[in-house]
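Below is one structure; the comments refer to it alone.
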Amino acid sequence: MTLYLTIENKIITSTICQNLYKTELNNYIIISTQKNLDLKIDDRFFFHKCKGIVIEESKDFVLIHNDPFNSIPLYVYQDRKSNSLIVSSSIKKIVDIYSSVLTIDIVGLWEAIVLGNCINKRTIYNEILSMPSASFLNISKENVFEIERYWDYSIMEDQNIADSQSITETLYNKLDQVFNKLDKSCEYIMGLSGGLDSRITLAMLQGKIRKENLKLFTFGYDDRIYEYKYASAVAKNLNYNVPEFYYLNHKIYSEFMNEFIAQSGGSIGFQHSHIYTYLSTANIKSNSCFISNYYSDATFGYSAKYQKKIDDTLENSDIYNKIIKLSIESSIRNGILNDLNEIAKMYSIEFNYSSFDEYFYVTERNPKFHMVLSEIYRYFLPVECPYADFELLTLMISIPLKFRHDKIMVDQILLKYFDQGLSNIGDVSSRNWNGVDMGVFKNYRFHMLNRINSVLRVITRGYIQIFNPFQTEVFERIFFLNFKKDFFGAINLFANLKIIDKNLKKWYFKTPLRSGQGISERYQILSLYFYLKDTIKHGFIKHMHT
Numbered sequence: 248m249t250l251y252l253t254i255e256n257k258i259i260t261s262t263i264c265q266n267l268y269k270t271e272l273n274n275y276i277i278i279s280t281q282k283n284l285d286l287k288i289d290d291r292f293f294f295h296k297c298k299g300i301v302i303e304e305s306k307d308f309v310l311i312h313n314d315p316f317n318s319i320p321l322y323v324y325q326d327r328k329s330n331s332l333i334v335s336s337s338i339k340k341i342v343d344i345y346s347s348v349l350t351i352d353i354v355g356l357w358e359a360i361v362l363g364n365c366i367n368k369r370t371i372y373n374e375i376l377s378m379p380s381a382s383f384l385n386i387s388k389e390n391v392f393e394i395e396r397y398w399d400y401s402i403m404e405d406q407n408i409a410d411s412q413s414i415t416e417t418l419y420n421k422l423d424q425v426f427n428k429l430d431k432s433c434e435y436i437m438g439l440s441g442g443l444d445s446r447i448t449l450a451m452l453q454g455k456i457r458k459e460n461l462k463l464f465t466f467g468y469d470d471r472i473y474e475y476k477y478a479s480a481v482a483k484n485l486n487y488n489v490p491e492f493y494y495l496n497h498k499i500y501s502e503f504m505n506e507f508i509a510q511s512g513g514s515i516g517f518q519h520s521h522i523y524t525y526l527s528t529a530n531i532k533s534n535s536c537f538i539s540n541y542y543s544d545a546t547f548g549y550s551a552k553y554q555k556k557i558d559d560t561l562e563n564s565d566i567y568n569k570i571i572k573l574s575i576e577s578s579i580r581n582g583i584l585n586d587l588n589e590i591a592k593m594y595s596i597e598f599n600y601s602s603f604d605e606y607f608y609v610t611e612r613n614p615k616f617h618m619v620l621s622e623i624y625r626y627f628l629p630v631e632c633p634y635a636d637f638e639l640l641t642l643m644i645s646i647p648l649k650f651r652h653d654k655i656m657v658d659q660i661l662l663k664y665f666d667q668g669l670s671n672i673g674d675v676s677s678r679n680w681n682g683v684d685m686g687v688f689k690n691y692r693f694h695m696l697n698r699i700n701s702v703l704r705v706i707t708r709g710y711i712q713i714f715n716p717f718q719t720e721v722f723e724r725i726f727f728l729n730f731k732k733d734f735f736g737a738i739n740l741f742a743n744l745k746i747i748d749k750n751l752k753k754w755y756f757k758t759p760l761r762s763g764q765g766i767s768e769r770y771q772i773l774s775l776y777f778y779l780k781d782t783i784k785h786g787f788i789k790h791m792h793t
């Protein structure tokens with residue numbers, strides 16, 4: 248837990264603040280993820296310069312604004328018994344205190360399963376609301392409150408940008424400013440992958456912090472994987488120490504599974520707990536800080552395509568079609584679509600996003616997934632997210648799609664400003680595996696190994712697999728060896744509770760798990776099962792509403 252506010256009759260009666268920085272300025276209370284702020288408050292637009300939340304108190308109201316990145320996720324619960332309002336960055340804290348009166352929101356449950364996190368204002372609990380990014384909480388008389396958006400992410404194309412060379416220079420200078428803000432007195436911990444984002448972070452850190460003050464780690468199921476090979480090469484080329492290798496196996500996931508799932512209130516599955524488990528065992532000092540590369544995909548254009556989508560509406564989006572095809576009750580589907588419609592109301596084809604799917608990825612997926620993970624890491628130490636920067640985001644989205652699609656600006660910066668051969672080191676980013684950059688032979692080998700292992704998993708029940716250097720984690724094998732029985736227990740329980748219907752139950756029992764297909768949903772179901780099964784057994788969950 249990093250932030251916990253109790254509000255009674257428009258007065259904040261208690262504040263707990265951990266691994267965050269509190270500043271009072273005029274009538275405002277600023278709680279930020281950043282240290283040593285030099286702010287001149289300009290109403291809610293302080294988010295142009297810092298990250299966090301701003302609280303304004305008066306005799307008539309309390310206003311709480313969060314930033315466009317959801318840097319400090321906020322959950323809201325109304326305690327009618329004590330006539331108080333609880334606002335916390337820790338949904339776990341709220342659940343721990345008020346578990347006896349909470350009921351499950353089955354729409355939120357399905358959003359967590361299918362989308363990997365709840366969206367809009369929803370959590371898996373009816374009584375707990377989640378503030379969307381770029382929103383404010385308005386608390387008026389007798390703790391009557393409403394949550395509204397204050398910004399729609401309306402970023403237009405800058406038509407003055409005519410060539411990639413000049414905008415590459417502008418972007419580099421902006422990144423230089425962002426990384427210059429880091430506190431040089433801290434000792435930093437950072438995960439280093441084989442992808443482009445972490446290598447450009449490491450390159451930008453040169454000269455900003457002392458190299459001996461940076462501890463690197465790379466995770467994976469085997470230290471022979473390309474992820475570790477490329478990460479080590481990047482570190483060596485930039486004269487950093489080779490990253491520590493952190494082995495991932497079912498014991499790691501099992502040991503921290505329940506603890507991690509509870510931190511997100513059941514919204515995020517334990518398959519995403521690798522950094523959390525590493526930090527739980529790391530040597531963290533009083534001046535330690537974690538550098539997270541989260542939001543870099545959104546900023547650099549992972550979901551941006553070269554061609555802007557024609558007739559771009561919610562109904563034509565990939566995410567809409569995914570929900571429409573689900574074998575779930577119409578009331579649940581309509582609940583998810585209603586949440587998507589609330590997000591789509593803000594969107595305009597005039598904005599410089601290539602599609603609604605990119606808009607959703609920038610404004611909803613990253614704030615409600617990646618930034619929630621960053622908040623969970625603050626359980627251990629302060630966290631810096633350099634790519635969650637307002638000026639950086641607005642600059643990047645304004646760049647014409649032909650210059651920023653598929654993160655090609657990252658390649659341009661590496662080629663132009665760093666001569667250590669970083670762009671020539673192999674790349675294992677998701678962009679590479681799905682794109683033309685991979686090469687015919689690597690593509691064939693990658694998919695062939697996956698297909699062979701898919702067959703071997705079924706035949707040998709996961710005991711025999713061919714080593715695949717392209718993979719970082721072996722979720723499918725861990726599932727077969729360690730969690731398959733639990734998964735079928737989850738399906739039976741959820742079918743009995745009518746969370747899933749009979750047809751979907753049959754599908755899960757009969758359909759073999761293919762490489763990468765449906766594995767995320769299965770782990771989300773497992774996570775919710777482990778999170779909720781004890782409360783279900785004790786009769787705690789009696790009613791689930793849509």
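Under the numbering used here, the first residue of the sequence shown is numbered 248, with each subsequent residue one higher. Note that beta-carbon positions come from the ideal geometry of N, C-alpha and C, so glycine has one too.
| Span separating the alpha-carbon of Ser-535 from that of Gly-765 | Counting from one through the sequence shown, the residue named residue 535 turns up at place 288. Counting from one through the sequence shown, the residue named residue 765 turns up at place 518. Straight-line Cα distance between these residues: approximately 37 Å.
| field | Burial state of Thr-370 (16 or more Cβ within 10 Å) | value | Taking the first residue of the sequence shown as 1, we reach residue 370 at position 123. Classification of Thr-370: buried, given that the 10 Å Cβ count is 16 or more.
| query | Would a C-beta distance cut-off of 8 Å place Phe-537 and Leu-628 closer than the cut-off? | reply | Residue mapping note: residue 537 aligns to position 290 of the sequence shown, counting from 1. Residue mapping note: residue 628 aligns to position 381 of the sequence shown, counting from 1. Yes.
| field | Meets three-Cβ-pair contact criterion under 8 Å: the stretch 435-454 and the stretch 476-495 | value | Yes, the stretch 435-454 touches the stretch 476-495.
| message | I'd like the list of long-range same chain contacts for Leu-620, defined as Cβ closer than 6 Å, with 5 residues on each side in sequence excluded. | response | For this step, residue 620 is matched to residue 373 along the sequence shown. Here the set comprises nothing.
| task | Helix, strand or coil for Arg-678, going by three-state DSSP, please let me know. | result | Numbered from its first residue, the sequence shown carries residue 678 at position 431. Its pLDDT being 49, under 50, Arg-678 is placed unreliably in this model, and the coordinates cannot settle the point.
| message | If you reduce the DSSP assignment to three classes, tell me which class Arg-708 lands in. | response | As a working note, residue 708 is residue 461 in the sequence shown. In the structure shown, Arg-708 sits in coil (DSSP, three-state: anything other than H, G, I, E or B).
| field | Distance between Tyr-594 and Lys-339 (C-alpha atoms, nearest Å) | value | Position 92 of the sequence shown, counted from the first residue, corresponds to residue 339. Position 347 of the sequence shown, counted from the first residue, corresponds to residue 594. Cα to Cα, the separation comes out at about 32 Å.
| Which partner residues does Asn-313 have in the DSSP bridge list? | Mapped onto the sequence shown, residue 313 falls at position 66. DSSP, once it has assigned bridges, lists Ile-300 as partnering Asn-313.
| field | Pairwise C-alpha distance: Ser-550 and Ile-644 | value | The residue given as residue 644 occupies position 397 in the sequence shown. The residue given as residue 550 occupies position 303 in the sequence shown. Cα-Cα distance, rounded: 11 Å.
| task | Can you give me the Cβ contacts of Ile-596 inside the same chain, cut-off strictly under 7 Å, excluding the 5 residues immediately before and after it? | result | Here residue 596 refers to the residue found at position 349 of the sequence shown. So the qualifying residues of the chain are Asp-559.
| request: Kindly confirm or deny that the stretch 577-592 and the stretch 645-663 touch, where touching means at least three C-beta pairs closer than 8 Å. | output: no
| For Arg-769, which three-state DSSP category applies? | For the purposes of this step, residue 769 is identified with residue 522 of the sequence shown, where counting begins at 1. Note: Arg-769 maps to helix in three-state DSSP.
| said: Give me, in chain order, the residues of the same chain whose beta-carbon lies closer than 6 Å to that of Asp-636; leave out the 5 immediate sequence neighbours on both sides. | reply: Within the sequence shown, residue 636 is the residue found at index 389, counting from 1. Counting only Cβ-Cβ distances below 6 Å, and skipping sequence neighbours, we find Val-425.
| task | Measure the C-alpha to C-alpha separation of Arg-327 and His-519 and round it to an integer number of angstroms. | result | Numbered from 1 along the sequence shown, position 80 holds the residue referred to as residue 327. Numbered from 1 along the sequence shown, position 272 holds the residue referred to as residue 519. When rounded, the distance between both Cα atoms is 35 Å.
| said: Which residue marks the beginning of the beta strand (DSSP E) containing Tyr-435, and which one marks its end? | reply: Position 188 of the sequence shown, counted from the first residue, corresponds to residue 435. From DSSP, the beta strand (DSSP E) with Tyr-435 extends over 434-438.
| query | Based on Cα-Cα distance, which residue from Leu-779, Cys-264, Phe-727 and Val-342 lies nearest to Ala-737? | reply | Working through the sequence shown from its first residue, we reach residue 737 at position 490. Of Leu-779, Cys-264, Phe-727 and Val-342, the residue nearest in Cα terms is Leu-779.
| field | alpha helix (DSSP H) segment containing Gly-355, residue limits | value | As a first step, residue 355 is located in the sequence shown; it is residue number 108 there, counting from the start. Element bounds for Gly-355: 353-362.
| query | Does the beta-carbon of Ser-380 have 16 or more other beta-carbons within 10 angstroms, so that it is buried, or is it exposed? | reply | Position 133 of the sequence shown holds residue 380. Ser-380 should be labelled buried.
| request: Taking 8 Å as the cut-off, decide whether the C-beta atoms of Gly-441 and Tyr-468 are in contact. | output: Taking the sequence shown and counting its residues from 1, the one referred to as residue 441 is at position 194. Taking the sequence shown and counting its residues from 1, the one referred to as residue 468 is at position 221. Between Gly-441 and Tyr-468, the C-beta gap is not smaller than 8 Å, which leaves the two residues out of contact.
| Closest by CA to Ile-360, which one among Phe-741, Thr-758, Asp-781 and Lys-753? | In the sequence shown, the residue the question calls residue 360 occupies position 113. Of Phe-741, Thr-758, Asp-781 and Lys-753, the residue nearest in Cα terms is Phe-741.
| DSSP on Asp-684, reduced to helix/strand/coil? | Taking the sequence shown and counting its residues from 1, the one referred to as residue 684 is at position 437. Model confidence at Asp-684 stands at a pLDDT of 47, short of 50, so the residue's coordinates are unreliable; what they give is reported in the following sentence. In this structure, Asp-684 counts as helix in the three-state DSSP scheme.
| Taking Cβ to Cβ, would you say Thr-415 is nearer than 8 Å to Met-656? | Mapped onto the sequence shown, residue 415 falls at position 168. Mapped onto the sequence shown, residue 656 falls at position 409. It is a contact, given that the beta carbons lie within the stated cut-off.
| In three-state DSSP terms, what is Phe-717? | Against the sequence shown, residue 717 aligns to sequence position 470. Residue state, collapsed to three classes: coil.
| query | Can you list the alpha helix (DSSP H) stretches of 4 or more residues lying completely in the stretch 571-630, in chain order? | reply | 577-591, 603-607 and 618-624
| said: Below 8 Å, how does it come out for the stretch 405-413 and the stretch 330-339: are there three or more Cβ pairs, yes or no? | reply: no
| message | Rounded to whole angstroms, what is the Cα-Cα separation between Leu-744 and Tyr-500? | response | Reading the sequence shown from its first residue, position 497 is the one you call residue 744. Reading the sequence shown from its first residue, position 253 is the one you call residue 500. Going by the C-alpha atoms only, they are around 27 Å apart.
| Selected residue, minimal CA-CA separation from Ser-511, among Glu-605, Ile-319, Met-437 and Phe-294 | By one-based count along the sequence shown, residue 511 stands at place 264. The shortest Cα separation from Ser-511 among Glu-605, Ile-319, Met-437 and Phe-294 belongs to Ile-319.
| query | Under 8 Å, do Thr-465 and Phe-492 count as touching if we go by C-beta distance? | reply | For the purposes of this step, residue 465 is identified with residue 218 of the sequence shown, where counting begins at 1. For the purposes of this step, residue 492 is identified with residue 245 of the sequence shown, where counting begins at 1. It is a contact, given that the beta carbons lie within the stated cut-off.
| message | Report the start-end ranges of each alpha helix (DSSP H) in the stretch 628-655 that is 4 residues or longer and not cut off at the edges. | response | Runs found: 637-645 and 648-651.
| query | Sorted by chain position, which residues of the same chain lie with C-beta nearer than 7 Å to Ile-623's C-beta, five sequence neighbours on each side aside? | reply | The residue you call residue 623 lines up with position 376 of the sequence shown. The answer, listed in chain order, is Gln-510, Ser-511 and Tyr-523.
| task | Can you check DSSP and say which residues form a bridge with Ser-377? | result | For the purposes of this step, residue 377 is taken as the residue at position 130 of the sequence shown. In DSSP, Ser-377 forms a bridge with Tyr-322.
| message | Are the CB atoms of Ser-331 and Glu-255 within a distance shorter than 8 Å? | response | By 1-based counting over the sequence shown, the position of residue 255 is 8. By 1-based counting over the sequence shown, the position of residue 331 is 84. Yes.
| For Tyr-770 versus Phe-722, is the C-beta distance shorter than 8 Å? | The residue you call residue 770 lines up with position 523 of the sequence shown. The residue you call residue 722 lines up with position 475 of the sequence shown. Pairing Tyr-770 with Phe-722 gives a Cβ-Cβ distance under 8 Å.
| query | Relative to the alpha-carbon of Glu-502, which residue among Ser-479, Thr-528, Gly-513 and Ile-515 has its alpha-carbon at the smallest distance? | reply | If you number the sequence shown from 1, residue 502 lands on position 255. Taking only the C-alpha atoms, the option nearest Glu-502 is Thr-528.
| query | Taking Cβ positions, are Tyr-322 and Ser-377 nearer each other than 8 Å? | reply | In the sequence shown, counting from the first residue as 1, residue 322 sits at position 75. In the sequence shown, counting from the first residue as 1, residue 377 sits at position 130. It is a contact, given that the beta carbons lie within the stated cut-off.
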